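Novice: What follows is a single structure, and I will ask about it in a moment.
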Amino acid sequence: MFVVIGVNTLAYMTDNVHVIVGCVSRCLPYTNITAQDGICRGAGCCQVALTGDMSNDGVYFDPLYNTTDYYTNRSTTDRAEYRGYAVIMESKAFQFNTRYLNTTAFFDEHAGRVPVILNWAVGNQACDVARKNDSYACRSTNSRCVNSSSGSGYFCNCTTGYLGNPYLPGGCQDINECATSKPPCAGCINTPGGYSCPPPRSLNVVALAVGPSIGVVIVVIAITCTYLFHERKKLAKIKQKYFRQHGGMLLLQEIRLKQGTAFSIFTEAELIEATNKFENKNILGRGGHGTVYKGMLKDGTLIAVKRCISMTSEQQKEEFGKEMLILSQINHKNIVKLLGCCLEVEVPMLVYEFIPNGTLFQFIHGDNGCHNIPFSTRLRIALESAVALAYLHSWASPPILHGDVKSSNILLDANYEAKLSDFGASILAPTDESQFVTLVQGTCGYLDPEYMQTCQLTDKSDVYSFGVVILELLTGKKAFNLEGPEDERSLSLCFLRAVKEGRLMDIIDNRIKSENEVGLLEEVAELAGQCLEMVGDRRPAMRDIAEKLDRLSKVMQHPWAPTQHNPEEMESLLGESPVASLEMISSGNFSMEKRIVQGLLESGR
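As structure tokens, then:
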């Protein structure tokens, strides 16, 4: 478990490329956030569960965490009070106490050492691959290789009948079963890796032995069958408990009422079979919310199964089924379709349609990514992504906030069209000011600074993150680069600095610079700058962003046309205005308002 303690502290762990996990702890005296003993949920203390197979490069305190409002007009002595620290420790051994804040009490209490449980393995290869290498660690002749159950790598055991050190030549020695105080049989003869018993002297002895043995076997079989029956019954009750706990009964009722709903409730057995027992080779990716596996249903349908890490809020558990039904009714060509979920496990699993061409992050930055993506393609991907977010914000009922917009959550289908993904981890738009999000997971560089100050997620938080995605498309650079100089790690800060110093074209990707497209590049960059406004109210709405990107995309299709037009000229140039007034349309749980972007919601409901 990763624990952060402090009054205004953001800490995270990295693998030298991405942020693996982190969280923010806030407890300032002039806010309404108050720390309590025994509670570690973001007020003075936060904690995040760690997954297996992590490659940790270090723990960092974020120097970009914006605390300007808190430090303004305060003395140096006051500022020194706001400090914090982070630690990795065994979850059952930690209980938060408010006296840990701004003191060394926690350090002193544990004498500088905390209990940690570590799972280890040799290397990062499976047994069948490792056996072919000279570095294969199972040296003893009588040893066997076992794949690690918690991630990549393997470990060694002595084979049955042997005991010792399997990592040394000759380390596994034969066990003499016959030399024990209670040998397995009379006249026992030890053999390499086992033992043998001499045959009985007479048939009478055999008869005397067989009779009781048959009775014992029958009793054992009866006991085993009874045990298995009770265990299956117990397992069924546990699955039913989880199903009800996650809103399964309400979800079933809603599905029956709304006939034709293309949403399925999968059993755990179905998903285990589809993913081949969640085999490591089927992993599509890991993130702060969980691990995604590729799978295939019995009818041949390819799916992506997401196993979430945790769900701690009881209210979140109760509302899960209802929210899944709402999300399942999203039917838009630029949003990954949610096909169903599995509710009979402790943490529900989500089932999406499978998208074959990976993520936008891989397309831009990956080793196999396209190294010469034309500006027209980048602009189209930005437009399709903006349309998807605008649909969630403005035309879903109730509105849906994505909460984790980044290039790795934008997938590309067989035609390299953008599809917004991972909205199963999204939340419905908060209905009151008491709904806050204090857990920070994902890649630094996309987080809204206003959200970091208020811990309240809004639609403008998605706008800020989308602005960073636009910068990735314009510059070809990563949103956050831990390997770069400290003042160049954040792409958004580098961009704003370049704009301020009049060096915009210096930061634009050289592969898309063109004299004929300078005007369009500047307009897209200006739009990105508006998305990155520090104050959320100054940022444009996603529907306005989608409309502008649509206009720029249509202008790009007419290179002979100037880039500046009044509305009447633009309507004449492009054939139709990008905004049209339509009748109010209602379908299912979703409605479309008047004045929607023409052509952008052709596949929307």
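Reading the sequence shown from the start, the letters are residues 516 to 1120 in this note's numbering. We treat Cβ as the ideally placed atom computed from N, Cα and C, and that holds for glycine. The structure presented is a predicted model; accordingly, all values stated were derived computationally and were not measured.
(1) Can you find at least 3 beta carbon pairs, one from the stretch 661-673 and one from the stretch 635-650, that sit closer than 8 Å?
(2) Considering only residues of the same chain and omitting the five flanking positions on each side of SER540, which have a CB-CB separation below 7 Å?
(3) Using a 10 Å radius around the Cβ and a threshold of 16 neighbouring Cβ atoms, would you call CYS740 buried or exposed?
(4) Tell me whether PHE744 is buried or exposed, calling it buried when 16 or more other Cβ atoms sit within 10 Å of its Cβ.
(5) Would you list the one or two residues that DSSP bridges to LYS809?
(6) I'd like the list of long-range same chain contacts for LYS852, defined as Cβ closer than 6 Å, with 5 residues on each side in sequence excluded.
(7) Can you tell me whether DSSP reads GLY873 as helix, strand or coil?
(8) Does the Cβ-Cβ distance between LEU926 and THR892 come in under 8 Å?
(9) Flag this pair as yes or no: are the beta carbons of ILE870 and LYS934 separated by less than 8 Å?
(10) Buried or exposed: which applies to PRO681, given that a residue is buried once 16 or more other Cβ atoms fall within 10 Å of its Cβ?
(11) DSSP on LYS792, reduced to helix/strand/coil?
(12) Quick check: what's the CA-CA separation for ASP947 versus LEU799?
(13) Going by CA-CA distance only, name the one from LEU854, LEU678, MET1057 and VAL734 that's closest to ILE985.
(14) DSSP beta-bridge partners for GLY709?
(15) Using a Cβ-Cβ cutoff of less than 7 Å, which residues in the same chain neighbour THR529 once the five nearest sequence positions on both sides are dropped?
(16) Let me know the secondary structure DSSP gives GLY855 once reduced to three states.
(17) At what residues does the alpha helix (DSSP H) containing THR566 begin and finish?
(18) Under three-state DSSP, which class holds MET839?
(19) Quick one: what does DSSP say SER665 is sitting in, helix, strand or coil?
(20) Is DSSP giving TYR677 helix, strand or coil here?
(21) Does the separation of the CB atoms of GLY982 and VAL1014 fall below 8 Å?
(22) By alpha-carbon positions, which one of TRP910, HIS533, LEU1067 and CYS555 ends up nearest to GLN844?
(23) Expressed to the nearest angstrom, what Euclidean distance is found between the alpha-carbon atoms of SER936 and ILE850?
(24) In the DSSP assignment, what are the bridge partners of LEU1019?
(25) Excluding sequence positions up to five away, which residues of its chain have a Cβ less than 6 Å from the Cβ of LEU988?
(26) Just the Cα atoms here: how many angstroms apart are ASP649 and GLU794?
(27) Which whole-angstrom value describes the C-beta separation of GLU859 and THR782, a residue pair presumed to lie in contact below a C-beta threshold of 8 Å?
(28) Considering only DSSP beta bridges, list what ASN672 is partnered with.
(29) Secondary structure at ARG556, three-state DSSP: helix, strand or coil?
Specialist: Result, derived from the coordinates:
(1) The answer is yes - the stretch 635-650 touches the stretch 661-673, with three or more Cβ pairs under 8 Å.
(2) VAL519, ILE520, GLY521, THR524, GLY557, GLY559, CYS560, CYS561 and GLY599.
(3) Looking at its Cβ environment, which holds fewer than 16 other Cβ atoms inside 10 Å, CYS740 is exposed.
(4) Classification for PHE744: exposed.
(5) Partner(s): ALA819.
(6) GLU868.
(7) If DSSP states are grouped into helix, strand and coil, GLY873 belongs with coil.
(8) Contact flag unset, no.
(9) Result yes, Cβ atoms of ILE870 and LYS934 sit closer than 8 Å.
(10) PRO681 should be labelled buried.
(11) If DSSP states are grouped into helix, strand and coil, LYS792 belongs with coil.
(12) No answer about ASP947 holds up, because its pLDDT of 49 lies below 50 and its placement is not dependable.
(13) Minimum Cα distance to ILE985 is reached at MET1057.
(14) Paired residues: THR706.
(15) Annotation for THR529: ILE535, ASP572, GLY573, TYR575 and LEU997 place their beta carbon closer than 7 Å to its own, counting only its chain and skipping 5 residues before and after.
(16) Strand, per DSSP.
(17) Note, THR566: premise wrong, no alpha helix (DSSP H); not H, not E.
(18) Of the three classes helix, strand and coil, the one that applies to MET839 here is helix, per DSSP.
(19) Residue state, collapsed to three classes: coil.
(20) Looking at TYR677 - three-state DSSP - the assignment turns out to be strand.
(21) Judged by their CB atoms, GLY982 and VAL1014 are not nearer to each other than the 8 Å cut-off.
(22) Taking GLN844 as reference, the option from TRP910, HIS533, LEU1067 and CYS555 with the minimal CA-CA separation is TRP910.
(23) Rounded to the nearest angstrom, the gap between the Cα atoms of SER936 and ILE850 is 6 Å.
(24) According to DSSP, which records beta bridges pairwise, LEU1019 is partnered with nothing at all.
(25) Cβ neighbours of LEU988 beyond the five flanking positions: ARG893 and ALA897.
(26) Near 26 Å, if we compare the C-alpha coordinates of GLU794 and ASP649.
(27) Contact between GLU859 and THR782 holds: CB atoms are separated by about 7 Å, below the 8 Å threshold.
(28) For ASN672, which the question treats as bridged, DSSP gives the partners ARG659.
(29) In the structure shown, ARG556 adopts coil according to DSSP, grouped into three states.
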